[in-house]
Structure formats: structure tokens, C-alpha cells
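Peer 1: Residue 1233 in our numbering is what sits at position 457 of the first sequence, and the numbering runs on without skipping anything.
Virtual Cβ for every residue (Gly too), placed ideally from N, Cα, C.
Computed from a predicted structure; not experimentally measured.
Let me give you the structure first, and then I'll get to my questions.
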Amino acid sequence: MTSLANHLSDLLGAAFTALDLPAPLGQVQASGRPDLAPFQCNGALAAAKIAKRAPREIAQAIADAIKEHPSITQVSIAGPGFLNLEPSQAAYTAQAAALAGDERCGASQTPTPQKVIIDFGGPNVAKPMHVGHLRSSVIGDALQRLARFAGHKVTSDIHLGDWGLQMGHLITELEDEQPDLPYFDAAATGPWPTEPPVTLDDLARLYPQAATNAKADEGRMLRSRKATAALQAGRAGYLALLHHFIAVSRAGLEKDFDALGVHFDLWKGESDVHHLIPAMIEGFTARHVAEKSDGALVIHIARDDDKKKQPPLILLSSEGSALYGTTDLATILDRKNTIGPDHTLYVVDQRQGQHFEQVFRAADKAGLAPQTSLEHIGFGTVNGTDGKPFKTREGGVMRLSDLLAMAKTAARARMAEAGIGEGMDEAALGDIARKVGLAAIKFADLRNQRMTNYVFDLERFTAFEGKTGPYLLYAAVRIKSVLRKAEAQGLTPGTITPKSAEEKALILALDGFDAACIGALSKRAPHILCEHVFELAQAFSRFYAACPILPEKDEAMRASRLALAALTLRQLECALGLLGLEAPERM
RNA sequence: GGUCCCGUAGCUCAACUGGAUAGAGCAGCCGCCUUCUAAGCGGCAGGUUGCAGGUUCGAUUCCUGCCGGGAUCGCCA
777 MTSLANHLSD
787 LLGAAFTALD
797 LPAPLGQVQA
807 SGRPDLAPFQ
817 CNGALAAAKI
827 AKRAPREIAQ
837 AIADAIKEHP
847 SITQVSIAGP
857 GFLNLEPSQA
867 AYTAQAAALA
877 GDERCGASQT
887 PTPQKVIIDF
897 GGPNVAKPMH
907 VGHLRSSVIG
917 DALQRLARFA
927 GHKVTSDIHL
937 GDWGLQMGHL
947 ITELEDEQPD
957 LPYFDAAATG
967 PWPTEPPVTL
977 DDLARLYPQA
987 ATNAKADEGR
997 MLRSRKATAA
1007 LQAGRAGYLA
1017 LLHHFIAVSR
1027 AGLEKDFDAL
1037 GVHFDLWKGE
1047 SDVHHLIPAM
1057 IEGFTARHVA
1067 EKSDGALVIH
1077 IARDDDKKKQ
1087 PPLILLSSEG
1097 SALYGTTDLA
1107 TILDRKNTIG
1117 PDHTLYVVDQ
1127 RQGQHFEQVF
1137 RAADKAGLAP
1147 QTSLEHIGFG
1157 TVNGTDGKPF
1167 KTREGGVMRL
1177 SDLLAMAKTA
1187 ARARMAEAGI
1197 GEGMDEAALG
1207 DIARKVGLAA
1217 IKFADLRNQR
1227 MTNYVFDLER
1237 FTAFEGKTGP
1247 YLLYAAVRIK
1257 SVLRKAEAQG
1267 LTPGTITPKS
1277 AEEKALILAL
1287 DGFDAACIGA
1297 LSKRAPHILC
1307 EHVFELAQAF
1317 SRFYAACPIL
1327 PEKDEAMRAS
1337 RLALAALTLR
1347 QLECALGLLG
1357 LEAPERM
């Protein structure tokens, strides 16, 4: 189906074409002045430059050409040549019917499906999930859902950080604490204990400890780097430790991501492409893509027209170990061989922008993938209300699981206060609180433009009023309640025939879904969809306040409003789903 | 110091790639529950878009220069 805005754009486009002007000038958009008309077209102003004619004169010609069309009830010219368009009653009715009859609630599918990989630049095995991981998880998840919904073939990969220096840090730090473990004997070949020598808490403690020590002591750093190289060279005890670390870490991560409702097709990590590295590097060297520099093996990626100095990508450190960029290249190679993606998105902190620039250029230079097929989806850092990196009151990082628990508790308290869910069992209440708390957190994150730095404010995250996740859920829940009662009374929805301003406004809001999905995906900007869902929920709330549904005496009008409510719920739940939110039955 | 990003209401953020009177939410004030969930709805107030120039019919948006904040700059990720 076609949105009303697109339908009108086609109409205006034809009118522009008839004047020997480009059709895209006919682009119709939601009006910036909804008090004047719901839609506007600014093409006459741009056309004035091309045709060297007065903009109002062109606008008048366009208006004359379209004013008799059945979809339009009024067209007027304002200011320097804005065209204001008011759709006809027939257009509203037809559009509502089309939306109600469309399985996808008005959202189109891409005409050019692609194979897309979404790399979440996963958590580091050595560190627990904290609030900083929220962004990549939630943004990446919204993008994978949007891309799938649009018809692309998506493969998501958490892509754990499990192969670099952090493993050397963990190994050597553990050795200092428990030197008698069998893993540290260079000659030992196993078998190894099946019980992991560490817990999740141990990992969380060991890594920062080692990193701090190494920063202060060059000799300590060298031990970590040598251990990293030895691990990568295949030392059996270290590999056994690696597998323990990954298993312990993954068990914790699965719990966290499950609680967050984020799922991946692949749980790959850097260590999974280890076996590809030697041959890859050999090939690079043979083809003179890579060369020696200061004891390391590098790929030069600087270009003559660079404004900014581009340091080379380091493939092998002077200790002989692979680095972050090396495994990223090997991963691109692996994906080329196993999946053959058209496009790869890396949803990773903006601070790694330079790293990805290096990797993408190197991949292009080495013939692994064209640079245009690789895209870094950066985002701002998570700061506290003071503008500095977020810390708890005690000065530590806040764990994601603690944040989720807090939001859930706050939601539960709000329900008790409002007397919601009396008579329900504890499990059902907990499930509602979980959904509400999760919606609060996810929406608070997603509604921000991706690139700007992000202020983490616990109060805002657990707020349930205003422009929040729970507000959206609440709109859906109220519709569900109405529909339940309608069904109990044997009432059935009918043809949507909007009469009031609120009903028309709601149809227009519904009609914006397609543009929101396209915008959010093409700009990799979930906040555009957030904006749409909020406007939809708002339009519904106004309709709900102004237009009685069940108490309405006129049968046709009641059936019309019931159908409009049902349609709204369908799109609301669809859009919420794309953002990774879920509406309960009651709240 | 080089490069990049940011600066919009008291606070947190939008503004569909140059359009009309810069919009929301929170906080503040005033109304609305014996009609479907008040986690709601309506209204009021709140701005020289960091500063100064430039480009043009028109600038939060594009260009230049300042001021202020952040990120990053070869073997960490």
C-alpha cells in the first residue's frame, strides 16, 4: 500500500512534470503548520530557481492542476509559495481502510533485499556487562529487527572480545594469585580440570587489577603481552584457561542478554577466527599489502588526500601477537567465505571510529570487502549527570542486571500504588513489572539521537510519565482493555469513517509508520521510530479522551472507532516490537 | 598542538538534510475521573538556537573566525 503522503507526492509530481519540472519537487510531507493543513509541499520554491519564474506563480499552476482531484478537498498557497493540502474525507476513509487491511500496518518492504551482518562489537570476556553495554545492545537490536522487518536477510553476531591482550592480563593475574594451578606449566599438555578455576566475579576483579598493575609497571605489561602471544601460539594450558574464561563469561552474558530481550544469531568471538590468521597474513605479505615497520607487521592505509594522519593498522605486534584489527580483518574474511554479506554494520562506541576507519581501509586494500560495504554505527558515550563517565555513588560501574532490577522494582511499586493487578499472582505481577521496567530503560536509550553523548540519569530511566516507554505500553494496554470489553459485549469493528479532528489526526499518525521505518533504518536511527511511536500513542490518547468508544450510542460510529482502536493497537505493537518492547495485557 | 564531534526552554532531548510562528517530555502554575485504566487529557508560562560575520527570497541546518565542552592521535579494546 501507499501512504497518503506518497500518494499526494505522486499527484504533485505529475503536476510538476506537466510543467517540465522534475517530479521529485512534488514531494509532500507532514506540515510544519498543522493548524493550516495536514500536508505541505515546498517544491514550488525550489522550482522557482530552476524555471526562473516566481514561486507563487508556479505554486498556483500546481494548485490549479490538482485542486479537482478526489483525494484533495482544499489546496491553498501561503507565504512565498508553500502549498498547503487538505485531504478529502474520501481520502481519509480510503487510507484507513487500506491500513486496516494491510498485514504490515502500512510499512513497506524493501525492493532490494540484501544480506546484512550486524556486529555488536560484543562485550569483552574479561568484563561484566555494565550500563555502557546498553547502547550497542539496544541500538543494534532495534536495527536488526528493523532490517528483518524491511525484508533484509540479517545475521547478527555478538562478537565477543576474547582474543587480545585482555586474555594475557587474565592469565598472568590468575597466575599471580594461584600459581599452583596446572595451566601455568609450559610443558603440560592436559588433561585439564573440568571445573573452571574462576567465577564471574573473579573475572570482573582480575582484569581491572591486571590492567592497573600493567599500566604502572612496564615489566608487568610485558608479561601480559608475552602470555597473549603464547596463547595465540597455541600453548595448551593457556588455551584451556581461555575456554574456561569464555564459558564462565558467556553463561553470565546469556543471562544478561536474555533479560534484556536481545538475541543473536551467532555467538562468535575473536578467537573463532584465530585459525585463519596465519594464512591471511601470509597472503597479505606475499601480495605486499602488509609490510614490516618498527618490528611490527602493518598495513599502511594512509591516503594522499587525508586531512588527518592515519596510522597504519598493526597486524602483528613486535611480540608476534594478533591485535584487535587483525581479528577484525580475519572475521571479515571468514564472513566473506561463509555468509557473503552485501553489507556489514558495526554497532560500536564512537570512540573506536578511527579503529574502524583503519580496518575498513585495510579490508578494501586487501580485497576482503569494498570499504563502502562496511559501516561503523557509532554512538555517544554513557555519562553521569555531571557529564563524566557514569559511576555509581560508590564510584564503581553499575551492572546492567542491577539496573534492570531497579527498574522492575520501581514499576512494581507504581503498580501497587495504583492498585493494578489485585488478585493476580506474584509471577504475573512480576512479568508486568519486568516489561514496564524494560520498556522504560530501552526507550530512554533509544529515543536519543545515536551520536550524541548520553546522560545516564537513573530517575529518568525509571520514570513512567511523559515521553517514556511505559507511556507507549499504557496506550496499548488501554486499547487491549477496550477490545476485551467490546468482545465480551459482542461488539464488532466496522468501517472506519473518521468524523472528528482527533480521529483524522490518528489516521494521519498511523499513516506515518512507513516513513518512520524507512527513515530509522536508512539513517540507522531508531530514535526516528521512537518519535513516531510516541506521536502515535499521543494521537491515540487524545482520541481516547475525546471520542467515547464503547459508550457511543451510534452503532456505525462505535464500530468505526472500535476498528480504529484495533488498527492502532496492531501498529503500536508492531512498532514496539521493532524497538524491542513488549506490551503487557494490563498495567 | 593536529583531526573529528557537540553547544537549542531551568533540566533531558527533537526539528524529516535550506522553509512558514524552532517543537516534545520533565520540573512550575491552572483545569478535567459515578463514560471505556488519571502511568492519562486540556490549558498557561518558558528561546537573540554559545558569540561574530558571510552565502540568499529564507539559516538551528551550509561557509569562515572566535568562546566553551568532549573524543581521538602506532604496537589496549
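1) Could you spell out the range, first to last residue, of the alpha helix (DSSP H) harbouring residue 817?
2) For residue 994, count the other beta carbons within 10 Å of its own beta carbon; 16 or more makes it buried, fewer makes it exposed. Which is it?
3) With C-beta atoms as the reference, is residue 1302 less than 7 Å away from residue 1211?
4) How is residue 1276 classed by DSSP in three states: helix, strand or coil?
5) Can you tell which of 1030, 992, 1072 and 891 has its C-alpha closest to the C-alpha of residue 923?
6) Using the Cα positions of residue 841 and residue 835, report the straight-line distance between them to the nearest angstrom.
7) Given residue 869, which residues of its chain have a CB within under 6 Å of its CB, disregarding the five upstream and five downstream residues?
8) Can you give me the start and stop residues for the alpha helix (DSSP H) that residue 1237 sits inside?
9) Exposed or buried, residue 1238, counting other C-beta atoms within 10 Å across all chains shown (16 or more means buried)?
10) Mind reading off the beta-carbon distance from residue 935 to residue 896? Whole number of angstroms is fine, and I expect it under 8 Å.
11) Can we say the segment 947-957 touches the segment 1096-1113, given the rule of at least three CB pairs closer than 8 Å?
12) Identify the continuous alpha helix (DSSP H) that holds residue 842 and give its terminal residues.
13) Can you have a look at residue 1117 and say buried or exposed, based on whether 16 or more other CB atoms are within 10 angstroms of its CB?
14) Threshold first: 3 residues or longer. Then list the beta strand (DSSP E) segments lying entirely within the segment 1067-1118, N to C.
15) In three-state DSSP terms, what is residue 851?
16) Helix, strand or coil for residue 916? Go by DSSP, reduced to three states.
17) Leaving out five residues on either side along the sequence, give the residues of the same chain with a beta carbon under 8 Å from the beta carbon of residue 1335.
18) State yes or no: is the C-beta of residue 1097 within less than 7 Å of the C-beta of residue 1008?
19) Quick one: using the 10 Å Cβ neighbour count with 16 as the cut-off for buried, is residue 826 buried or exposed?
20) Would you mind sorting residue 1220 into buried or exposed? The rule is 16 or more other CB atoms within 10 Å of its CB.
21) For residue 906, which residues in the same chain have their Cβ closer than 7 Å to its Cβ, ignoring the five residues on either side in sequence?
22) With 16 as the cutoff for other CB atoms within 10 Å, does residue 1327 come out buried or exposed?
23) Where do the ends of the alpha helix (DSSP H) carrying residue 805 lie?
24) Locate the alpha helix (DSSP H) running through residue 1019, then write down its first and last residues.
25) Do you know how far the Cα of residue 1312 is from the Cα of residue 790?
26) Determine, using beta carbons only, whether residue 1072 and residue 1093 come nearer to each other than 7 Å.
27) Please identify the residue among 1280, 1013 and 1218 whose C-alpha is closest to the C-alpha of residue 966.
28) Got a sec, what are the start and stop residues for the beta strand (DSSP E) residue 1228 sits in?
29) On the premise that residue 1128 lies in contact with residue 1077, defined as a C-beta separation below 8 Å, what is that separation, rounded to the nearest angstrom?
30) Would you mind listing the alpha helix (DSSP H) stretches within the segment 1256-1325 that are 4+ residues and don't spill past its ends, in chain order?
31) Determine the direct distance from the alpha carbon of residue 1259 to that of residue 1204, and round the result to whole angstroms.
32) Report the residue from 876, 1091, 950 and 1351 whose alpha carbon sits nearest the alpha carbon of residue 1339.
33) What is the rounded straight-line gap between the Cα of residue 1315 and the Cα of residue 864?
34) Which two residues bound the contiguous alpha helix (DSSP H) that contains residue 949?
35) Per DSSP, residue 937 is paired with what?
36) Near residue 1320, what residues of its chain come up, given a Cβ to Cβ distance below 7 Å and the 5 sequence neighbours on each side ignored?
Peer 2: With the given structure in hand:
1) Segment 815-817 is the beta strand (DSSP E) holding residue 817; no alpha helix (DSSP H) there.
2) exposed
3) no
4) coil
5) Of 1030, 992, 1072 and 891, the residue nearest in Cα terms is 891.
6) 10 Å
7) 1273
8) 1234-1237
9) buried
10) Distance from residue 935 to residue 896 at the Cβ level is roughly 6 Å; contact confirmed, criterion being Cβ atoms closer than 8 Å.
11) no
12) 831-842
13) With 16 or more Cβ atoms within 10 Å of its Cβ, residue 1117 is classed as buried.
14) 1067-1069, 1072-1075 and 1089-1092
15) strand
16) Correct three-state label for residue 916: helix.
17) 1267, 1268, 1269, 1270 and 1271
18) Going by C-beta atoms, residue 1097 is nearer than 7 Å to residue 1008.
19) exposed
20) By the 10 Å Cβ count, residue 1220 comes out buried.
21) Excluding residues within five positions, the ones whose Cβ falls inside 7 Å are 1173, 1174, 1175 and 1176.
22) exposed
23) Note, residue 805: premise wrong, no alpha helix (DSSP H); beta strand (DSSP E) at 804-806.
24) 1012-1036
25) 31 Å
26) yes
27) 1013
28) No beta strand (DSSP E) contains residue 1228, which DSSP labels as neither H nor E.
29) Not a contact, Cβ separation roughly 15 Å.
30) Fully enclosed alpha helix (DSSP H) runs of 4 or longer: 1277-1287, 1289-1298 and 1302-1322.
31) 21 Å
32) 876
33) 20 Å
34) 941-953
35) 900
36) 1254
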